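All remarks here apply to the structure that follows.
There are 2 protein chains.
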Amino acid sequence: MTENATPSATLAAFAAGLQFDAIPAAVLRRTEDLFLDWFASALAGKGARPVEAIESYARAMGPADGSAEVLISRRMTSPHFAAMVNAAASHYAEQDDVHNGSVFHPAAVVFPAALAVAQELGASGRAFLTAVVAGYEVGIRVGEFLGRSHYRIFHTTATAGTLAAAAAAGRLLGLDAATMLHAFGSAGTQAAGLWEFLRDAADSKQLHTAHAASCGLASAYLARAGLTGARQILEGPQGMAAGTSSDADPARLTDRLGTRWATAETSFKFHASCRHTHPSADALLSLMQTHGLQADDIASVTTLVHQGAIDVLGRVTVPSTVHQGKFSMGTVLGLVAEYGYAGLNEFEQHFLAPRVAAFRDRVRMELDPEVDGAYPQRWIGKVLVQTRDGRTLSARVDEPKGDPGNTLTRPELEDKAQRLAAYGKAASVQEMQALIARIWAIADAPHIGRWLTPAA
Amino acid sequence: MTENATPSATLAAFAAGLQFDAIPAAVLRRTEDLFLDWFASALAGKGARPVEAIESYARAMGPADGSAEVLISRRMTSPHFAAMVNAAASHYAEQDDVHNGSVFHPAAVVFPAALAVAQELGASGRAFLTAVVAGYEVGIRVGEFLGRSHYRIFHTTATAGTLAAAAAAGRLLGLDAATMLHAFGSAGTQAAGLWEFLRDAADSKQLHTAHAASCGLASAYLARAGLTGARQILEGPQGMAAGTSSDADPARLTDRLGTRWATAETSFKFHASCRHTHPSADALLSLMQTHGLQADDIASVTTLVHQGAIDVLGRVTVPSTVHQGKFSMGTVLGLVAEYGYAGLNEFEQHFLAPRVAAFRDRVRMELDPEVDGAYPQRWIGKVLVQTRDGRTLSARVDEPKGDPGNTLTRPELEDKAQRLAAYGKAASVQEMQALIARIWAIADAPHIGRWLTPAA
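Protein chains in written order, with the numbering used here: chain X, 475 to 930; chain E, 475 to 930.
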């Protein structure tokens, strides 16, 4: 590329030119981690009403067979509809990954597009991983570029996600830099997704990822077929930022391409609760493990938190729904104390269990100057525990579990994946064990084949 | 509906409840005119590179048979892809209709969705016409609501068009008011389309209508399947206007519903160029006829225009493609001066002809307060001409040819349709004669069947 290349062109050239061998091994391993985490999130969406509505549309409008797999239904169709349904499914349980700086959930848009195209092409595991990294690197930078003003109205996962999906699909299709830029143009001009649905608790969140993944994938195929797009869809005077942001910074689009691996900055969600509860939950878990405590050993817990946690969580004392339970600090700590984890099943089955409720009433929050001062750059967790035998114990974590500096181990990811698959009743423990083994070896796979659908 | 209904809810209830018998006969006849004009515009897109790229995607991703017809290919597929391709095709030749006040091309998004759903359902001609009117009435009001600030960055046909397509599809599917409102929510949160592509003469215009028609249709089917959407996607605090407009007026959404028939305000295009060039072209034609001038008699032309014309046309100085030529005021006026008409064939054959190019360079645009103030309700054309023999002449037209007060007759529409079909090499004269007869009788058709594709 020339020195005068625009940010859009530089980013497209990076995505088109990314080589497997240029990606550090640690980033590739993390990408495999993200793949398992996404795969299981997609399975967790099985049976959910919005997801099944989108799947019913895909069945009605798409072909009854094809080269790409709808994971929740164990059926094959065209890449367009496989990407659409898998994207909807993986954004349902709210357990898919998140990149903090861009406030963007990359997995739910990148993997559906990459998997569908890789299956159609019979691409290698290396090509698949390379494309996924291209999608993450592009989408995260687009999200950072669009900025906080964009996020106030627009669901960045939907908008930046369309570019991310196009980048991943385009890399697998082998688009050259100029053609990738056309794909970006077509993706950006289809990018959409408004937060308005939150006001009505409507189903648009899954529609957003379905739309982003399918339109992004379409943009890459259309570019290959010769459809041209705007060359500065991101930063141009009538482009995405001009239309939907007031604080866009084009320098973010090309920030340390090839040296900063934003993919590896992505966080895994560990607990299924509001993120403001995670630091305290992790500190409590740490304390109980260090001192060998059971829930019954604990007389009271004081969580030392930032003001934002009190603002968001302070309203919920006795939760009446699972959703409210995810915003109840006492409930989250009760689940953690009882089950070692506040996951989807723990919430569904136990959020009002007598022992959890009793623990909940022994928890209080207190503003902590150090924690509050560090927020939001750092999410420190601190707890003080009074034991029934009279001891006062304390613990802290400097980074919530799942963040890059405190990431999930592969055994932890496997455990989470099993729980997600069980939640969706979408795969057996044995099937998941086989899938997990395949994912850990994906860099050596000669072809991305089927995962759950029997051969015809 | 209650007195407290929101504008979105009132508009959705109108679309859901519209009855054939409530539509004045003159509006229905105009709707038939618009259908023929759209049908022929779709045929004119056959063979066009961007259209065929989208059709190749539909062939790859959609089913190889189905209930809905891709007109340019004489093949059947699912409604999703038929709507997608027909929408792309009908917005290629720039001969499809336009509603001035909303700066919106309703046909290219409403008819593709309505035709596909009507074919799938085997709906009657009356049901089809009713749904089309619902789509026009909704889309036009959404376009007016989003306003001029929206149009500066966004292609209103793409954005408002998604709602229009959803309304037409939803009416045919028999959605009740509440379900139609969910369809609006899903449509609005997928609505997209940026003008940035014009800068590069890229192919996004056809992608925009393809996207709007298919996503709007999808929104209606998804609502029927139970997917919920935001209830105030248009006017809510994180809705379309909040994200993409600074001058939105919610009162426009419900302006005289059921008494003002915006459908019949729609203009037919006479010249094959961007509509913003038409008032000036007609004024120049009028001036040349009045004064008996030839192109060579003219030393310079100043077109007195509204700001929107400068925004859309101002960046094209020397066009390098036919498409850019249609957005070049100088080229359009050069064709008009040389050939008396800027039609499809004139563009294809002469847009860079030396005499046209020389005339082009003698044309400039200037903002005119009167023209700008009247826009977009009225598209006044004013030109000032300096003749080689030293005279300064001026002319104005208050309504360009094709506007409601200066509309095309049925013989003129039939002639235009034949020329469009011939341009696309998509139907013979005899086939068009039969299609035209069928369209003029469509209100009596018991079922909307196939048009060009032989029965399997």
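Glycine included, each C-beta is placed from N, C-alpha and C at the ideal position. Since this is a predicted model, take the numbers as computed values, not measurements.
Using the three-state DSSP reduction, which class does alanine 486 of chain E fall into: helix, strand or coil? helix
Looking at C-alpha atoms only, which residue of E:Gly879, E:Gly782 and E:Gln768 is the closest neighbour of leucine 841 of chain E? E:Gly782
For arginine 705 of chain X and aspartate 674 of chain E, believed in contact at Cβ under 8 Å, the rounded distance: 5 Å
State the Cα-Cα distance for the pair alanine 567 of chain X and lysine 520 of chain X, rounded to the nearest angstrom. 10 Å
Which residue's Cα is closest to the Cα of leucine 818 of chain X: X:Ala514, X:Ala487, X:Leu485 and X:Thr480? X:Ala514
Rounded straight-line distance, which links the Cα of alanine 556 of chain X to that of glycine 491 of chain E: 35 Å
Sorted by chain position, which residues of the same chain lie with C-beta nearer than 6 Å to alanine 661 of chain E's C-beta, five sequence neighbours on each side aside? Thr636, Leu637, Ala640, Gly690 and Ser693
Would you list the one or two residues that DSSP bridges to isoleucine 854 of chain X? The partner list for isoleucine 854 of chain X (beta bridge, DSSP) is empty, contrary to what the question assumes.
So is histidine 745 of chain E buried or exposed if we call it buried at 16+ other beta carbons inside 10 Å? buried
Mapping the DSSP letters down to three states, classify glutamine 904 of chain E as helix, strand or coil. helix
Proximity of glutamate 611 of chain E and alanine 479 of chain E at Cβ, strictly below 7 Å: no
Beta-carbon spacing of glutamate 583 of chain X, alanine 686 of chain X below 7 Å: Here residue 583 of chain X turns out to be valine, not glutamate, going by the sequence shown. In contact: valine 583 of chain X and alanine 686 of chain X (Cβ atoms closer than 7 Å).
N- and C-terminal bounds of the alpha helix (DSSP H) containing isoleucine 528 of chain E: 523-535
Would you say tyrosine 815 of chain X lies against chain E (beta-carbon separation less than 7 Å)? no
Can you give me, in chain order, the residues of the segment 645-678 of chain X that have a beta carbon less than 9 Å from any beta carbon in chain E? His656, Gly659, Ser660, Gly662, Thr663, Gln664, Ala665, Ala666, Gly667, Leu668, Trp669, Glu670, Phe671, Leu672, Arg673, Asp674, Ala675, Ala676, Asp677 and Ser678
Using a beta-carbon distance below 7 Å, is histidine 565 of chain E in contact with chain X? no
Am I right that phenylalanine 825 of chain X and glycine 788 of chain X are in contact with their C-beta atoms under 8 Å? What's the rounded C-beta distance? The pair is not a contact, with the Cβ atoms about 18 Å apart (cut-off 8 Å).
Here's the rule I'm using: 16 or more other beta-carbon atoms within 10 Å means buried, otherwise exposed. How should aspartate 770 of chain X be labelled? exposed
8 Å Cβ cut-off: residues of chain E touching proline 553 of chain X: Met535
State the beta-bridge partners of valine 871 of chain X as determined by DSSP. X:Gly855
What's the C-alpha gap between isoleucine 922 of chain E and valine 796 of chain E? 35 Å
Do alanine 487 of chain E and valine 525 of chain E have their beta-carbon atoms positioned less than 7 Å apart in this structure? no
From methionine 475 of chain E to threonine 633 of chain X, what does the alpha carbon distance come to, in whole angstroms? Since pLDDT at methionine 475 of chain E reaches only 44, below the 50 mark, its modelled position is unreliable, and the value read off the structure follows with that caveat. Distance between the alpha carbons of methionine 475 of chain E and threonine 633 of chain X: 34 Å.
Isoleucine 627 of chain X: contacting residues in chain E (beta-carbon distance under 9 Å): Pro711, Gln712, Gly713, Ala716, Gly717 and Thr718
At least three beta-carbon pairs within less than 8 Å, the segment 724-739 of chain E to the segment 497-508 of chain E: yes
What would DSSP say about valine 572 of chain X, mapped onto helix, strand or coil? strand
To the nearest whole angstrom, what separates the beta carbons of alanine 457 of chain E and leucine 926 of chain E, a pair I think is in contact under 8 Å? In the structure as shown, chain E begins at 475 and stops at 930. Residue 457 of chain E is therefore absent and cannot be evaluated.
Nonlocal neighbours in the same chain, by C-beta distance under 6 Å from alanine 590 of chain X, ignoring five residues either side: Ala542, Pro553, Ala556 and Ala557
Could you have a look at glutamate 543 of chain E and say whether DSSP puts it in helix, strand or coil? strand
From X:Tyr813, X:Ile614, X:Ala588 and X:Pro928, residue whose alpha carbon lies closest to that of phenylalanine 602 of chain X: X:Ala588
Isoleucine 546 of chain E: contacting residues in chain X (beta-carbon distance under 8 Å): What isoleucine 546 of chain E touches in chain X: nothing, since even the nearest Cβ is about 15 Å away.
Could you please give the first and the last residue of the uninterrupted alpha helix (DSSP H) stretch that includes leucine 620 of chain E? 599-627
If I measure Cβ to Cβ from glutamate 873 of chain E and keep anything under 8 Å in the same chain, skipping five residues before and after, which residues do I get? Arg852, Trp853, Gly879 and Asn880
Residues in its own chain within less than 8 Å of glycine 703 of chain E by CB, not counting five upstream and five downstream? Leu655, His656, Ala657, Phe658, Gly659, Ser660, Ala661, Gly662, Thr663, Ser693 and Ala697
Does proline 928 of chain X come out as helix, strand or coil in the three-state DSSP assignment? coil
Taking Cβ-Cβ distances shorter than 8 Å, what residues in chain E pair up with arginine 705 of chain X? Arg673, Asp674 and Ala676
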